[in-house]
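Participant: For the record, the sequence lines run as chains A and B. With this note's numbering applied, the first sequence covers 127 to 367. With this note's numbering applied, the second sequence covers 4 to 377. Cβ atoms here follow ideal geometry from the backbone N, Cα and C, with glycine treated the same way. Here it is, the structure in full.
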Amino acid sequence: MVIEIDEKTDFRTLNEKIRASGDKAVLLNGCIGQRYIATGVSEKDITVHGTPGNALGAYLNGGNVYVYGNAQDATGDTMNGGTIVVHGNAGDATGYAMRGGKIYVSGNTGYRAGIHMKAYMDLKPVIVIGGRAGSFLGEYQAGGIIVVLGRHNDGQPIINNFCGTGMHGGKMYLRCDSLPKSIPTQIRAEKVCGKDVKELKDIVCDYCRYFDADAAELLDASFFVLTPNTDNPYKRMYTNN
Amino acid sequence: MFVNNSGIGAPFEGEVRIPSGCAVSAIIDRSGKTMTGEKIIRSIATMHDRSNGLGGGFAGYGIYPDYKDYYAFHLFYNDFQARKATEDYLIKHFEIVYSSEMKTRKVKGIWGEPIIYRYFLYPLSKRLTNSLMDEGQYVVKCVNSINADIDGAFVFSSGKNMGIFKGVGYPEDIGKFYLLDEEYAGYAWTAHGRYPTNTPGWWGGAHPFGLLDYSIVHNGEISSYDANRRYVEMFGYKCSLQTDTEVITYIIDYLIRVKKLTLNEIAKVISASFWSTIDEKSEEEKREETFLRKAFPSLLINGPFSIIFGFDGGIMALNDRLKLRSMVCGEKGDLAYVSSEECGIRVIELNLDRIFAPAGGVPVIYKLNEGVNA
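Put into structure tokens, the structure is as follows:
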């Protein structure tokens with residue numbers, strides 16, 4: 127099913143149409159800020175051309191969402207399963223409280239990606255950011271895996287302030303040669319070579335499949351693996367301001 | 004003081020706090036070329052669902068070229084007595100070169116509108132000299148005096164060669180109500196869609212909030228309101244609306260007009276970095292930011308906000324230091340855009356040279372190009 131959208135299209139009408147469609151594959155053209163696309167959807171392949179609105183794929187429960195353009199805020203909020211692939215950048219709070227499924231962003235993401243991310247048994251969410259991430263990456267992360275590949279070329283650092291504040295589970299992989307400043311002391315950072323880590327290899331190969339990048343080249347580099355440091359648990363998390 | 008809830012059925016502004024969402028948007032043509040309000044209306048309309056119909060408004064810069072040396076006062080009146088009292092006051096303090104009821108059109112979704120007038124004014128020179136104030140102070144004092152002392156009158160715009168247009172309704176409807184898409188052309192526009200959270204929403208309380216040629220549109224919910232209010236009220240400002248936007252406007256007016264700070268310095272005061280972040284900066288930055296934080300600790304604005312500050316010749320976009328509200332900037336040749344959401348930019352310019360989300364506390368300033376006189 128193909129749906130043509132313009133600035134007059136109301137998000138409710140659009141989402142009702144998507145839900146009502148019997149087709150597995152749905153193609154949206156000309157999307158311009160319509161919210162909640164693919165929210166709670168289980169078994170569809172939705173392709174979006176344009177700029178999808180906030181909360182794209184929130185509570186997504188399966189299926190695939192492909193975006194050709196930039197995603198706005200709260201992409202994959204609390205998603206449970208399925209895959210979101212963004213050929214562009216994703217705004218703030220990407221993968222907020224994610225509990226399953228996978229998000230691949232070819233470019234950068236804004237503030238608070240992967241905050242409150244969690245995992246349970248075989249539900250192990252994954253976020254891959256091709257470029258760089260804003261502040262508060264993985265704040266309060268409790269599970270799952272965040273990978274930042276640092277393929278951006280605007281001279282900005284791969285992560286910003288307060289990365290992993292309050293992190294107490296899960297893992298982050300940052301592809302860079304030296305450890306970014308201001309990683310909290312409650313986090314353990316270990317330098318590894320990408321190609322030596324099976325789990326990371328699989329994730330990076332998936333990323334490269336979507337975005338036509340060279341996995342061998344991306345993996346032949348050093349990564350810092352961030353995990354909670356159980357030797358130094360939280361006493362007081364924030365400074366006095 | 005203008006108090007009017009007729010037709011809205013809501014309590015008065017300033018009497019109620021309701022525990023936000025809002026949308027902001029702006030366009031500037033740095034070459035000084037003017038555009039009608041049509042684009043800014045389309046931009047803010049894509050973010051319709053961020054507001055709830057209880058406020059919308061616009062500020063246009065460069066819209067009164069024929070009267071650019073005169074203060075353009077936009078007034079809401081409850082009734083003709085308020086108009087009479089205000090005009091008596093204006094005649095005593097200003098030379099009125101033009102006055103008329105503002106042209107509006109009937110739009111579905113806009114109702115309960117007050118009487119809306121526009122005046123082009125210049126301070127009476129003898130009065131101004133005797134007041135021992137500079138022109139800006141004199142005009143501000145007159146605006147405050149009308150707003151505080153005349154029942155049923157409210158000055159909602161008071162700058163030169165700029166104007167604020169606002170009211171209760173969705174912003175796209177307010178824009179059409181004031182005929183911004185036909186009657187006005189400016190080099191810069193800002194817009195706001197309101198989702199009032201602390202106050203009930205009324206015509207005067209809609210954004211932008213303005214003072215002289217400064218205007219603010221704001222999305223957020225600041226937690227430092229009372230600390231900020233107490234501080235600026237020491238310098239003669241009177242916060243009567245209980246809205247964040249009002250106090251932010253006064254803070255910026257104080258820092259820019261009274262303390263002569265630059266826009267970049269203002270950003271470091273109101274959206275100061277955490278001490279831990281300052282510690283990691285270069286010696287020079289550390290010295291500057293430490294000084295500004297210590298000099299104006301009570302003007303740190305805490306809590307989520309994204310604002311667009313409009314002024315004669317430019318706009319500034321700024322987020323709170325933690326970036327708890329969204330904001331995207333785009334550029335295409337001389338045109339620059341700011342919007343709460345990317346769709347608000349893409350809808351009017353699909354192909355941009357550059358699009359980026361500024362970090363929290365980092366101001367984005369777009370000014371008219373060197374030598375452009377708008």
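1. Can you tell me whether DSSP reads serine 46/B as helix, strand or coil?
2. In the region 133-197 of chain B, which residue ranges form an unbroken beta strand (DSSP E) of at least 3 residues, counting only runs that do not cross its ends?
3. For chain A, check one thing: does any of its Cβ atoms lie closer than 8 Å to the Cβ of methionine 319/B?
4. Anything in chain A within Cβ reach of methionine 50/B, meaning under 8 Å, just list it in chain order.
5. With DSSP run on the structure shown, which of helix, strand or coil describes glycine 292/A?
6. For lysine 307/A, return the contacting residues in chain B, with the cut-off set at a CB-CB distance below 7 Å.
7. Closest by CA to lysine 170/A, which one among Tyr162/A, Val152/A, Leu182/A?
8. Three-state secondary structure (DSSP) at methionine 127/A?
9. In chain order, what residues of the same chain have a beta carbon less than 7 Å from the beta carbon of glycine 139/B, not counting five sequence neighbours either side?
10. Could you tell me which residues DSSP pairs with lysine 335/B in its beta bridges?
11. Under a Cβ-count criterion, where at least 16 other Cβ atoms within 10 Å of its own Cβ denotes burial, should asparagine 267/B be classed as buried or exposed?
12. Quick one: what's got a C-beta closer than 6 Å to glutamate 104/B's C-beta in the same chain, skipping five residues either side?
13. Helix, strand or coil for isoleucine 113/B per DSSP?
14. Between the region 218-236 of chain B and the region 84-96 of chain B, can you find at least three pairs of beta-carbon atoms closer than 8 Å?
15. Do glycine 317/B and isoleucine 31/B count as a contact pair if the criterion is CB distance below 8 Å?
16. With a floor of 3 residues, list each beta strand (DSSP E) that falls wholly inside the region 196-273 of chain A, ordered by position along the chain.
17. Can you tell me the Cα-Cα spacing of glutamate 186/B and threonine 39/B, whole angstroms?
18. Comparing C-alpha positions only, which one of Asn305/B, Ala188/B, Ile351/B sits nearest to threonine 49/B?
19. Whose Cβ in chain C lies nearer than 8 Å to the Cβ of tyrosine 192/A?
20. Where do the ends of the alpha helix (DSSP H) carrying cysteine 302/A lie?
21. Please list the partners that asparagine 358/A has in chain B, where partner means a Cβ-to-Cβ separation under 8 Å.
22. Evaluate methionine 330/B with the Cβ neighbour count: other Cβ atoms within 10 Å of its Cβ, from every protein chain shown; 16 or more gives buried, anything less gives exposed.
23. Using a Cβ-Cβ cutoff of less than 6 Å, which residues in the same chain neighbour glycine 188/A once the five nearest sequence positions on both sides are dropped?
24. Could you give the first and the last residue of the continuous alpha helix (DSSP H) run that contains lysine 327/A?
25. Between arginine 349/B and chain A, is there a C-beta pair that is closer than 8 Å?
26. Would you mind giving the Cβ-Cβ distance between isoleucine 329/A and valine 252/A, rounded to the nearest angstrom? I have them listed as a contact below 8 Å.
27. How would you write the range of the alpha helix (DSSP H) that serine 279/B sits in, first residue to last?
28. DSSP puts tyrosine 80/B in a beta bridge; with which residues?
29. Using the Cβ count rule (16 or more neighbours within 10 Å means buried), how would you classify asparagine 358/A?
30. For glycine 59/B, does the three-state DSSP call read helix, strand or coil?
31. So is lysine 370/B in contact with chain A if we call contact Cβ pairs under 8 Å?
32. Hey, could you find the ends of the alpha helix (DSSP H) arginine 138/A is sitting in?
33. Is the distance from the Cβ of glycine 333/B to the Cβ of isoleucine 358/B below 8 Å?
34. When the Cα of alanine 151/B is compared with those of Val367/B, Arg328/B, Asn376/B, Lys241/B, which residue comes out closest?
35. Would you check if the region 316-325 of chain A and the region 285-295 of chain A touch, i.e. whether three or more CB-CB distances between them fall below 8 Å?
36. Does the distance from the C-beta atom of asparagine 305/B to that of serine 218/B stay below 8 Å?
Facilitator: Quick look at the numbers:
1. helix
2. 156-160, 165-170, 191-196
3. no
4. Gly159
5. coil
6. Result: Glu283.
7. Val152/A
8. coil
9. Leu215, Arg260
10. Leu338/B
11. exposed
12. Tyr120
13. coil
14. No, they do not touch.
15. yes
16. 207-213, 228-231, 252-255
17. It is roughly 8 Å from the alpha-carbon of glutamate 186/B to the alpha-carbon of threonine 39/B.
18. Ile351/B
19. Among the chains of the structure shown, chain C does not appear; the protein chains present are A and B.
20. First-last for cysteine 302/A: undefined, no H or E at that position.
21. Per Cβ cutoff of 8 Å: no residues; asparagine 358/A is ~17 Å from chain B at best.
22. Buried: at least 16 other Cβ atoms inside 10 Å.
23. Ser168, Glu169, Gly207, Gly208
24. 324-337
25. yes
26. Rounded, the Cβ-Cβ distance is 6 Å, consistent with contact.
27. 278-281
28. Ile118/B, Ala156/B
29. It counts as exposed.
30. Annotated three-state conformation of glycine 59/B is strand, per DSSP.
31. So, not an interface residue.
32. Membership of arginine 138/A in the alpha helix (DSSP H) is indicated by the continuous run 137-146.
33. Pairing glycine 333/B with isoleucine 358/B gives a Cβ-Cβ distance under 8 Å.
34. Minimum Cα distance to alanine 151/B is reached at Lys241/B.
35. Fewer than three Cβ pairs drawn from the region 285-295 of chain A and the region 316-325 of chain A lie within less than 8 Å of each other, which leaves the two stretches out of contact.
36. no
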